[in-house]
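In our numbering, the protein residues as written are 11 to 269.
Note that CB positions come from ideal geometry on N, CA and C, so glycine has one too.
What follows is a set of notes on a single structure, which appears directly below.
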């Protein structure tokens, strides 16, 4: 079977995402949805959600033992289930907890629930990296201890859910980068990739509830010429960010049934 005809394996990601087994082990925080987080219809945007997931993660690090020694993380995959819309002026309550781990990476679950009934469920596959070397690094025993106590899966392995599409089909358009898109690693920040998803959804709208699975196949750098490529198939909207004809980000957007 050719890559172009490859079957998308995103159905392997469970729906709904796993619940929090022990509420006492979840990290909690809250904040208001501000104007810069929302679009022209006052809807909380996906790129803002991605920043929320990053921000709650770093807040969580401040609350755990040796969190200050684990400041380097790379996002490999994010799943966002937009189950009920959240809007400007609403207040969101965030919970974050581990769902599985190995000694160099983990799955972290995040729930974003709003005061007015909005609901987003998310999961991130995160790789711990050495900030100096930029390589995957083992988490300390003390840092992992509460994660191990809260989970049953301790041999987590990476398995891609999405497959690059090759060939000339699909719609393409430019996705210009800005200097503010680049993070401390020299990569285009994860949340910027979700801006590209918003661009695709502006052309091919979806209403809640829907799921987005986004995986990073390679970094996007500041000087890259980036194209958004979209196509529809198997009941989903597919999005790729491409550089020099190679996919750097893969995404699948599909409708789901909320419980």
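Return the first residue and the last residue of the beta strand (DSSP E) that residue 96 is part of.
-> Segment: none, residue 96 is in no beta strand (DSSP E) and carries neither H nor E.
List the whole-angstrom C-beta distance separating residue 170 from residue 133, where the pair is believed to meet the contact cut-off of C-beta under 8 Å.
-> No, residue 170 and residue 133 are not in contact; Cβ-Cβ is about 15 Å, not under 8 Å.
Report the residue from 228, 172, 121 and 114 whose alpha carbon sits nearest the alpha carbon of residue 104.
-> 121
Take residue 59 as the anchor and find which of 241, 260, 264 and 205 has the nearest alpha-carbon.
-> 205
Applying the criterion that 16 or more other CB atoms from any shown protein chain within 10 Å of the CB defines a buried residue, is residue 250 buried or exposed?
-> buried
Contact the region 228-238 vs the region 173-188: 3+ CB pairs below 8 Å = yes
For residue 85, which residues does DSSP report across the bridge?
-> 136
Integer Cβ distance of residue 88 from residue 63, believed to fall under 8 Å = Yes, residue 88 and residue 63 are in contact; Cβ-Cβ is about 7 Å, under 8 Å.
Flag this pair as yes or no: are the beta carbons of residue 35 and residue 147 separated by less than 8 Å?
-> no
Quick one, are the C-beta atoms of residue 262 and residue 172 less than 8 Å apart?
-> Pairing residue 262 with residue 172 gives a Cβ-Cβ distance under 8 Å.
Identify whether residue 189 lies in helix, strand or coil by the three-state DSSP scheme.
-> helix
Run through DSSP, which three-state label would residue 253 get?
-> strand
Thinking residue 94 and residue 218 are a contact (beta carbons under 8 Å), I'd like their distance in whole angstroms, please.
-> Correct: roughly 6 Å between the Cβ atoms.
Could you tell me the distance, in whole angstroms, from the CA atom of residue 69 to the CA atom of residue 42?
-> If you take the alpha carbons of residue 69 and residue 42, they lie about 16 Å apart.
Leaving aside the five residues before and after residue 100 along the sequence, list all residues of the same chain whose C-beta is less than 7 Å from its C-beta, in chain order.
-> 43, 124, 125, 126 and 128
Are residue 136 and residue 81 closer than 8 Å when you measure CB to CB?
-> no
Excluding sequence positions up to five away, which residues of its chain have a Cβ less than 6 Å from the Cβ of residue 255?
-> Correct list: empty, nothing qualifies.
Endpoints, alpha helix (DSSP H) assigned at residue 156 | 151-160
Could you name the residues that DSSP lists as bridge partners for residue 102?
-> For residue 102, which the question treats as bridged, DSSP gives the partners 41 and 124.
Verify whether the separation of the beta carbon atoms of residue 220 and residue 253 is less than 8 Å.
-> no
When DSSP builds the beta bridges, which residues end up paired with residue 48?
-> 54
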